[in-house]
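For what it's worth, this note's numbering labels the leading residue of the sequence shown as 1, then goes sequentially.
Every residue, glycine too, gets a C-beta built ideally from N, C-alpha and C.
First comes the structure, then the notes that go with it.
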Amino acid sequence: MRTYERTHPWLTFTLDLRKADHRLWLALGEAQAKCEYIAGVPLRPATATNLHMIYLAKGALATTAIEGNTLSEEEALKLVQGRSDLPPSKKYLAQEVENIVKAYTQIFNNLFVKEESHAFHLEKIKEFNRLALKNLELPEEVKPGEIRNYSVGIAQYRGAPPEDCEYLLKRLCDWLNKEKNRVPKGQEIAFGLIRAIIAHLYLAWIHPFGDGNGRTARLMEFQILLAAGAPTLAVHLLSNHYNLTRQEYYRQLDRASKSGGDIFPFLQYALQGFLDGLDEQMQVIQIQVLNVSWKDYIYEAFKDQHSESARRRRNLALDLSYRAEPVPISGIRHISPGIAEAYAGKTHKTITRDLNSLAEMGLVEQTPEGIRAKREKMLAFLPKRRADI
């Protein structure tokens, strides 16, 4: 008998999905459907780049913040964009985030450029730990990428016995690889989520390294979700959730081990956070779709009008669409260089006449704060559904 079988009997490397209740299956189906929706929506180049940068920064920061990194999301975003101006006192925090961003990039390139195997093995997990801890000041006993030969603990939890860590990591790799080959076609993301959450949970339980175990676990999650076909925007959502609900995250980890290895509550907790993150992303995407449809609507409204005044009014309606807040009539001339040029030499009466024309077309309205675009008109074209259910 190995030592861990006495000290950590919940490390059984089994999961009987026949015991899962309906809530788990509903959550998995919802996650699969929403991921496929996000992956299938064409984004404007600027929107796609912006969202990619934001969620990359969020994911890298969340991966390190849960272990103590105190950078803000704005500072992390500047790091990702290559325009950081952090003072020397925060350089070590920047290094932690940069390590994770570089690790994400390496994993992505290995999967999609080099087309390397998705399979896990001992050296790959060690490499993840090396990447996470690169160039960081660490205690003398911590060796990046090397399995610890001493006992470790977090709060009241003790990691697996050091003499069993390598064996347990190999078993984890074998289990993850075997389960990947059993995934039903068309349900790769749903079952990828299960494997990603299990990989995270088991690495946290084994705790094979002297430091960076959480970061290593989240890099494993990242690879599994990418390989399962999850859109790049969604692959950071589990890390974000764990960080935003840090106290509950630790409570769920503790509960899972004390229950004797009942994984289902942790799965449900992680999946709910993943779904909440997807909903947030879908709202952003729907706003972009609404904006694109609104601009098409404006062009359609002017399709048979080719006069100078029609072009001016059309461009005014388009430029007002970019404004989140109403624009005072006195500021209409200055909302963009193009509009300023269009109204150069024109009187205030011309602006008033153009605004009245746009209002009659239902494209703008005047409020006490100023003129605003009536983008909500597009909501009338959504499919009808009952709202009182």
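Worksheet item: Is Glu-179 closer than 8 Å to Gly-229 when the C-beta atoms are compared?
Response: no
Worksheet item: Under the rule that 16 or more other beta-carbon atoms within 10 Å means buried, what is Glu-123, buried or exposed?
Response: exposed
Worksheet entry | Residue environment, Leu-131, which counts as buried when at least 16 other CB atoms sit within 10 Å | buried
Worksheet entry | 8 Å Cβ cutoff met for Ala-190 and Gly-29 | yes
Discussion item. Between the stretch 273 to 288 and the stretch 229 to 239, can you find at least three pairs of beta-carbon atoms closer than 8 Å?
Written reply: yes
Worksheet entry | Cβ shell of Ile-285 (< 6 Å), same chain only, five flanking positions each side left out | Val-41
Discussion item. Here's the rule: buried if 16 or more other CB atoms are within 10 angstroms of the residue's CB, otherwise exposed. What is Leu-138?
Written reply: exposed
Item to complete: Kindly identify the DSSP beta-bridge partner or partners of Arg-372.
Response: Glu-365
Worksheet item: Can you tell which of Ala-344, Ala-317, Glu-116 and Glu-341 has its C-alpha closest to the C-alpha of Ile-371?
Response: Ala-317
Item to complete: Determine the contact status of Met-220 and Phe-128, defining contact as a CB-CB distance below 8 Å.
Response: yes
Practice prompt. Report yes if the CB atom of Glu-73 is closer than 8 Å to the CB atom of Leu-56, and no otherwise.
Written response: no
Item to complete: Under the assumption that Asn-148 contacts Pro-162 (Cβ atoms under 8 Å), give the Cβ distance between them as a whole number of angstroms.
Response: First, the amino acid is wrong: residue 148 is Arg here, not Asn. With a Cβ gap of about 5 Å, Arg-148 and Pro-162 count as contacting.
Discussion item. Looking at the secondary structure, which residues open and close the alpha helix (DSSP H) in which Val-97 lies?
Written reply: 91 to 112
Worksheet item: From Ser-336 to His-121, what distance separates their C-alpha atoms?
Response: 56 Å
Practice prompt. Thinking Glu-141 and Tyr-150 are a contact (beta carbons under 8 Å), I'd like their distance in whole angstroms, please.
Written response: 6 Å
Discussion item. Taking only three categories from DSSP, how would you classify Tyr-157?
Written reply: strand
Worksheet item: Measuring CA to CA, which of Gly-214, Thr-64 and Ser-321 is closest to Asn-291?
Response: Ser-321
Worksheet item: For Thr-54, which of helix, strand or coil comes out of DSSP?
Response: Reading off the sequence, residue 54 comes out as Ile, not Thr. Note: Ile-54 maps to helix in three-state DSSP.
Worksheet item: In the stretch 132 to 199, which residue ranges form an unbroken alpha helix (DSSP H) of at least 4 residues, counting only runs that do not cross its ends?
Response: 165 to 180
Discussion item. Can you list, in chain order, the residues of its chain with a C-beta nearer than 6 Å to that of Ala-160? Leave out the 5 residues immediately preceding and following it.
Written reply: Tyr-4, His-8, Leu-168 and Ile-206
Practice prompt. Report the option in Leu-176, Gln-247 and Lys-377 whose CA atom is closest to the CA atom of Gln-223.
Written response: Leu-176
Worksheet item: The alpha helix (DSSP H) with Asp-296 in it runs from where to where?
Response: 264 to 301
Item to complete: Please state whether DSSP places Val-80 in a helix, a strand or coil.
Response: helix
Worksheet item: Which class does Phe-209 belong to by DSSP, given the choice of helix, strand or coil?
Response: strand
Worksheet item: Using 8 Å as the threshold, is the stretch 209 to 220 in touch with the stretch 257 to 272, meaning 3 or more CB pairs across them?
Response: no
Practice prompt. Starting from the Cα of Asp-174, find the closest Cα among Pro-144, Arg-158 and Ile-125 and give me that residue.
Written response: Ile-125
Discussion item. At the level of alpha carbons, what is the spacing between Thr-426 and Arg-251?
Written reply: The chain is shown only over 1 to 389; residue 426 falls outside these bounds and no answer can be derived.
Fill in: Within 8 Å, strictly: CB atoms of Leu-193 and Ala-31
yes
Worksheet item: CA-CA distance, Ala-359 and Ile-54?
Response: 37 Å
Worksheet item: Do you know how far the Cα of Tyr-343 is from the Cα of Leu-275?
Response: 48 Å
Practice prompt. Could you check the C-alpha separation between Asp-354 and Ile-287 for me, to the nearest Å?
Written response: 27 Å
Worksheet item: Taking C-beta to C-beta, are Ala-340 and His-348 nearer than 8 Å?
Response: no
Worksheet entry | Buried or exposed (CB count within 10 angstroms, at least 16 for buried), Lys-346 | exposed
Worksheet item: Quick one: what's got a C-beta closer than 8 Å to Met-378's C-beta in the same chain, skipping five residues either side?
Response: Leu-290, Ser-293, Trp-294 and Tyr-297
Discussion item. From the DSSP secondary-structure annotation, give me the bridge partner or partners of Val-327.
Written reply: Ile-371
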